[in-house]
Every structure is written in C-alpha cells, then in structure tokens.
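Number of protein chains: 2
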Amino acid sequence: MWSVSISHDKSYHHGNLRTVLIEVGIAMLQEEGVEALSLRMLAKRVGVSHNAPYMHFADKEALLAAIAEQGFLLLADHIQSALELTTPDEDWLVRFHRGCRAYVMFMFEHKAHAQVMFHYYDSAKYPDLSRASANTLYVLESWIQQGQAAGYVTPGESRRWTTLTWSLLHGIFVILNTKRTLPPLGDKPLDTLIHDHVSSLYLGLKPRPDEP
Amino acid sequence: MWSVSISHDKSYHHGNLRTVLIEVGIAMLQEEGVEALSLRMLAKRVGVSHNAPYMHFADKEALLAAIAEQGFLLLADHIQSALELTTPDEDWLVRFHRGCRAYVMFMFEHKAHAQVMFHYYDSAKYPDLSRASANTLYVLESWIQQGQAAGYVTPGESRRWTTLTWSLLHGIFVILNTKRTLPPLGDKPLDTLIHDHVSSLYLGLKPRPDEP
DNA sequence: CACTCTATATTGTCAGTGTCAATATTGAGT
DNA sequence: ACTCAATATTGACACTGACAATATAGAGTG
C-alpha cells in the first residue's frame, strides 16, 4: 500500500512524500504541539515546496487524521503485544493490569499521536481513521471478553465494560498529563499511579461475593 | 470583581469588554469550534477594533485560559448543586451517581468550555485558572470523602479515588463525544449510557464482602 | 526510440490571522 | 482646568491555509 523507495533524493518527484510528511509531522507535533504545527514549516523542513503536501492531503486536518489513524493502529498493536506476553495459566487480572499499563504508557510515549487521536473527525471523510479506531475498540473488547470467559466480567455486557475501560484509561492519561493534579499525586512515579488507579477499578471486576 | 455596567453603548471606552469578550468567545466556540475561533472575528463581532482584546488578554491563549477558568468554576458549582439536592438520609451511592451524571451532562451542555478546559496551561502563567481547577478537585474530593464517611470508600485514599473518578468521568465524556464508538452504544440515550458506565465503576466502591 | 498522458511538484497569489508599535480618546483625580 | 493612566484605534508585518496556473518527470504505448 505504501510506496517503496525509502531514500528521498533531490529528484523532482519525491517518491515517498506522504510517508515522510507523516513522520516529520509527528516529530514536529512532539516538539512544538498541535497549535504550532503549520503545513508550510513542515514542507520546508521536508525540503519541498509549500504546496506539495496538498497532493497527498486535501487539508491540514487530513494530515492530522492520518497521524491519528497511525496512532490507533500502533496503539492496538502495542496493547495486543502487551497482552500476549503471558503464560497460558496467567490470571486474567494480571493481564488486565498489564494491558492498562501498556495503554497509558503508550499515550505518554506517543504524545504526538495523543494530541490528535481524540478530536472529532467526520467519519465519512476519513474512513481509514474510522476503521483504525474501530479496530482498537475490537482489540479492547476481545480483551474484556477474555475476562468474561475467566469469570471476571458479568456476561453479555462486554461492550459496556470496554467503553468503560477505554474511558478510564483515556481519562487517566489526560488528567495525569495536564498535571493540574495537586502535589500528593505528583510525587509518585507514573507507574505507581497507573497501578493504583487501575487497581481501584478492577475491584469492580472481581466476581460477586457469591463466588469465592 | 467584574465591572458593573451591562449595556455596552457606542462609547469609546467599552467599560465591559473583558466580560463580553469571554461571553461572545464562548458562543463562537460553541458554533465553530476552537480551531475556527479567531481573535479578529471575535473583536469584529463584539464591535470593537481588532486589537482591543489585547488590552484584556496578553494572548489568544490567555482568553482561552479565562474561559477554561470559568468552566472549572461553573463545573464545581454545578456538581455541588447536584450533590446538595438531597434528603439527609440519602444513600451515598445515590448521591454519587447523581454527581457523576451531573458532571458528564455539564460537559455535554458546555462543549465550548469543554474544548479548552483540558489543554495544558502553564500554571505559573495562569494562577487563576490553576486555582479554579484545584477548587474543582477539592469539590470532587470532599464528595468522595463523604463516601468514606459512609463506609463506601476505603479510608486514607481519597485523593486516589478522586482522580480515579475524575479520570473516568472525563474519559466517558470524551469517548462518548467523539462518537467513534460503534452502533450498539449509539442507540441508547445518553442518560442510560452514563448510568451504566458509572454503575460499573461503583461496584468497586461497595464495601468489601465482610460487610453486608 | 519518440510521444503522450497523468501523477507529482512548483510558483504565484490572496484573504485571514496573531501580534507588535504608534497614536488617539476618554474619564477620574488633582 | 490639567494631568495622567487606562482603554481603544489605526497601521504594519510576517506567517498561514488554500486555490489556481504552470512546470516536470516517469510510465505506458506506438
């Protein structure tokens, strides 16, 4: 699907521009933030005319949507990898906790993507982004369904538990990231914070008292 | 604290400009979104020169910070009001649920504020915003502490439960608002969605099995 | 090989935008 | 009546997103 040539020489036809624009765009998002990112500076930095990006993206928004799409694909992969690091008899709660940690850490380590993933995009306009986002949801849901199979989640409500979990994980990232929380939280390392928060949640996931 | 004159005639000195800029700014945020908001259009719409806003706000960001500040103040009020509609013997879980609902509904009904409340702002640059945000946190925390007094929340961890709750509520709003959730969720009315999600959470809040 | 055709990139242009500087207007306090 | 500081205006500049017209190159065809 992507073009093949990697090196972009000084030829008139870049050959790889779309991919490079996304890569450098991500770098600039990381360095300066969304509101500081301009297509013109991006073009200049890539070494291309100020209008070249418009061959590959209808819009500035379209570029951001492409980055968001990549974010969702990477996120789904990252979570799945984290879940797969497992022994066959591993307790589901342990896996649940590891997945949550993987989600939040991914966001902190990919702030460029995070900045554009949760804006509103017209799904008709960006079907690929829509698919990528739906794919992430499926990954999360199948994870929760494993919890149902293990008896940790009440059956028949996997979608509800999925959006609940997603909401919580996203919220944890945003609240911790804006750093408007007061000192007592700020002292602990990020890892501990994630662990503590998620622990609190999965108390609600434990089997009802009528099971040991 | 705010200036008193309400009507803004065609006098050279507006007398009320800061307040009006915030109000009209909120209206424009609601209509067109953050990225479409420009100080110049705002000034034109208020009927003032394109540089008048710079008397009251150092920056475009400063205006948005002022709106965010107002958002936190309103939010804290809204939640507190919702919590106070109560009979003295009301079960804390009922109050908890009502507060959560109030939070999410507030966000949906104040999307203008919501758009600017959770960006990163330099807290040294905007101490008022910082205070307002901290104030909201205190309101949430005292709410949770009532839950501790009622025996619903494990003692000594109110800050953790507070940020957990805040994270979840914020996440619910964002996830539901971006509408990238799949159809099965989209059918239910918002109210039911909030109820279902929060219900799932407060299973974790119930007293441990060693209490009836 | 020559030739066309299309994807790709460039140059030129324009209205809008954020922000600085310089200037004008006003009203409150002396 | 006069001063002065707060407030608003006009003017200017570089930068931005986006459109239109033009240039280039490389792949497919004869």
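Sequences listed follow chains S and C, in order.
With this note's numbering applied, the first sequence corresponds to residues 1 to 212, in that order.
With this note's numbering applied, the second sequence corresponds to residues 213 to 424, in that order.
For every residue, glycine included, the Cβ atom is placed at its ideal position computed from N, Cα and C.
Given the structure is predicted, the values throughout are model-derived calculations rather than measurements.
Chain-ordered chain C contacts of residue i [CB-CB under 8 angstroms]
i	result
S:His197	Arg372, Thr375, Leu376 and Ser379
Contact set between residue i and chain C, taken where Cβ atoms lie within less than 7 angstroms
i	result
S:His170	Gly383, Val386 and Ile387
Three-state class that DSSP yields for residue i in the structure shown
i	result
C:Asn228	coil
C:His322	coil
S:Ala76	helix
S:Tyr121	coil
C:Phe428	Outside the displayed span of chain C (213 to 424) sits residue 428 of chain C, for which this structure offers no information.
C:Phe269	coil
C:Pro401	coil
C:Leu249	coil
C:Asn263	coil
S:Gly171	helix
S:Glu90	coil
S:Leu137	helix
S:Leu85	coil
S:Glu157	coil
C:Tyr315	helix
S:Gly151	coil
S:His195	helix
Residue i burial status per 10 Å Cβ neighbour count (16 or more: buried)
i	result
C:Phe320	exposed
C:Val232	buried
C:Pro265	buried
C:Gly368	exposed
S:Val139	buried
C:Met267	exposed
C:Leu276	buried
S:Thr163	buried
S:Glu69	buried
C:Gln439	Outside the modelled stretch of chain C, which goes from 213 to 424, sits residue 439 of chain C, for which no answer is possible.
S:Tyr121	buried
C:His225	exposed
C:His322	buried
C:His262	exposed
C:Ala255	buried
S:Ser133	buried
S:Leu85	exposed
S:Val198	buried
S:Val229	Residue 229 of chain S falls outside the range modelled here, since chain S spans only 1 to 212, and no answer is possible.
S:Ala114	buried
C:Leu381	buried
S:Ala112	buried
S:Ala82	buried
S:Ser142	exposed
C:Leu341	buried
C:Gly283	buried
C:Thr404	exposed
C:Gly359	buried
Cβ distance (whole Å) where residue i is taken to contact residue j below 8 angstroms
i	j	result
C:Cys312	C:Ile238	Contact flag wrong, Cβ pair sits at about 24 angstroms.
C:Ile279	C:Ala314	Not confirmed; about 20 angstroms, so no contact.
S:Leu37	S:Met28	5 angstroms
S:Val104	S:Ile172	6 angstroms
S:Thr154	S:Ala76	Not really, about 25 angstroms apart at Cβ, beyond 8 angstroms.
S:Thr165	S:Ile144	7 angstroms
beta-carbon residue i near the ligand SAM non-hydrogen atom, thresh 6 angstroms
i	result
S:Tyr121	You won't find the ligand SAM in this model; it holds no ligand whatsoever.
*asked:* Tell me which residues of the segment 78-105 of chain S have at least one Cβ-Cβ distance to chain C shorter than 7 angstroms, keeping chain order.
replied: Of all residues in the segment 78-105 of chain S, none is placed with a Cβ closer than 7 angstroms to any Cβ belonging to chain C.
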